[in-house]
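Student: Encoded as structure tokens, here's the structure I'll be asking about.
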Amino acid sequence: MALTPLIAGNWKMFGSRAMASRFAEGLTPAALPTGPDLLICPPAALVGLVASLFAGRGVSVGGQDCHAKAEGAHTGDTSAALLADLGARYVIVGHSERRADHGETNATVRAKAMAALAAGLTPILCVGETLAERDAGQAITIVRSQLQDSLPDGATAGAVVIAYEPVWAIGTGRTPTVADIAEVHAALRAVVGDGVRILYGGSVKPGNAAEILAVANVNGALIGGASLAASDFLAIAAAAPTA
Ligand code: PGA
1 MALTPLIAGN WKMFGSRAMA SRFAEGLTPA ALPTGPDLLI CPPAALVGLV ASLFAGRGVS
61 VGGQDCHAKA EGAHTGDTSA ALLADLGARY VIVGHSERRA DHGETNATVR AKAMAALAAG
121 LTPILCVGET LAERDAGQAI TIVRSQLQDS LPDGATAGAV VIAYEPVWAI GTGRTPTVAD
181 IAEVHAALRA VVGDGVRILY GGSVKPGNAA EILAVANVNG ALIGGASLAA SDFLAIAAAA
241 PTA
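In structure tokens:
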């Protein structure tokens with residue numbers, strides 16, 4: 001079954017109102033590829049603005065994280081329901097920077113993914129090995145168990161998106177070989193079955209996107225640095241194969 005590719009940008013802790021406006025101006029009908037689904041995940045404080053700036057421009061909006069609880073006394077956190085209320089359709093959960101900076105475990109990530117589903121959002125669930133784990137030959141075992149332990153109950157095909165992001169490839173300019181990407185994606189596919197999009201993330205750029213997006217079981221990309229300018233983001237999206 002051919003899955004529509006998802007090209008997702010993660011602005012991380014970058015961006016401003018001015019930057020969001022510039023990005024929106026780059027989303028002209030002529031510049032927009034027709035094949036893939038497009039998504040930008042700005043910082044939570046910009047989600048509402050970006051949703052209104054992008055309205056009718058063919059790019060969905062998502063959050064970068066949500067709390068596992070529907071609401072409550074959790075200072076500084078953002079609920080999935082609020083993200084949805086602001087216009088988000090997706091939310092990233094379990095990004096390796098959240099796992100490292102905030103001690104998020106697979107159980108935390110699973111609870112967040114369930115909160116996202118309950119709020120009507122599609123969670124983008126991230127997994128990925130460290131360089132030490134890859135060098136020790138444990139990459140497949142690690143990502144498989146991360147996925148099994150963080151996948152929410154009752155996640156039907158289409159309700160979740162998986163992102164394979166090797167920690168050592170994020171923001172480093174280094175990427176795995178296409179053979180390595182194919183091997184990991186095949187292992188993840190065996191866990192989730194057909195119908196679930198599996199994105200690759202980690203140093204995806206306009207120059208390597210076509211090669212990566214053509215790998216078997218790669219159904220799109222999660223892009224950090226190269227998603228900050230509309231021109232780079234759209235160049236990557238243009239490299240997505242049509243489903
Ligand atoms: P990068 O980040 O594209 O800057 O490597 C990817 C990510 O962390 O999602």
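Last residue of the sequence shown: 243 in this note's numbering, with the numbers rising by one and none dropped. No residue lacks a Cβ here, since even glycine has one placed at the ideal position from N, Cα and C.
#1: What distance in whole Å lies between the Cβ atoms of P43 and L6, which are believed to be in contact at a cut-off of 8 Å?
#2: Taking the runs of the alpha helix (DSSP H) that are 4 residues or longer, which of them lie wholly in the region 171-206?
#3: Answer yes if the region 161-172 comes into contact with the region 116-129, meaning at least three C-beta pairs across the two stretches below 8 Å, and no otherwise.
#4: Which residues does DSSP list as the beta-bridge partners of C66?
#5: For S52, collect the residues of the same chain with a Cβ closer than 8 Å to its Cβ; drop the 5 residues on either side in sequence, then sort them by chain order.
#6: Cβ atoms of H185 and N217: under 8 Å apart, would you say?
#7: What first and last residue would you give for the beta strand (DSSP E) that runs through G58?
#8: Tell me the rounded alpha-carbon separation between R134 and G56.
#9: Using only the heavy atoms of ligand 2, determine whether one of them is closer than 7 Å to the beta carbon of A229.
#10: With 16 other CB atoms within 10 Å as the buried threshold, where does R174 fall?
#11: Measure the C-alpha to C-alpha separation of C41 and P176 and round it to an integer number of angstroms.
#12: Quick one, which of G9, S150 and V191 has its alpha-carbon nearest N106's?
#13: Find out if the Cβ-Cβ distance for the pair G171, G224 is shorter than 8 Å.
#14: Mark R110 as exposed unless 16 or more other C-beta atoms lie within 10 angstroms of its C-beta, in which case mark it buried.
#15: So V215 and I181 are supposed to be a Cβ contact under 8 Å. How far apart are they, rounded?
Tutor: Straight from the coordinates:
#1: At roughly 20 Å, the Cβ-Cβ gap does not stay under 8 Å, so L6 and P43 are not in contact.
#2: 178-192, all fully within the region 171-206.
#3: yes
#4: Answer by DSSP bridge pairing: none, since C66 is not bridged.
#5: G87
#6: yes
#7: No beta strand (DSSP E) holds G58; DSSP gives it neither H nor E.
#8: 42 Å
#9: Ligand 2 is absent from the structure shown, which contains only ligand 1.
#10: exposed
#11: Rounded to whole angstroms, the separation of the alpha carbons of P176 and C41 is 24 Å.
#12: Nearest neighbour of N106 by Cα position, chosen from G9, S150 and V191, turns out to be S150.
#13: yes
#14: It is buried - the Cβ of R110 has at least 16 other Cβ atoms within 10 Å.
#15: 5 Å
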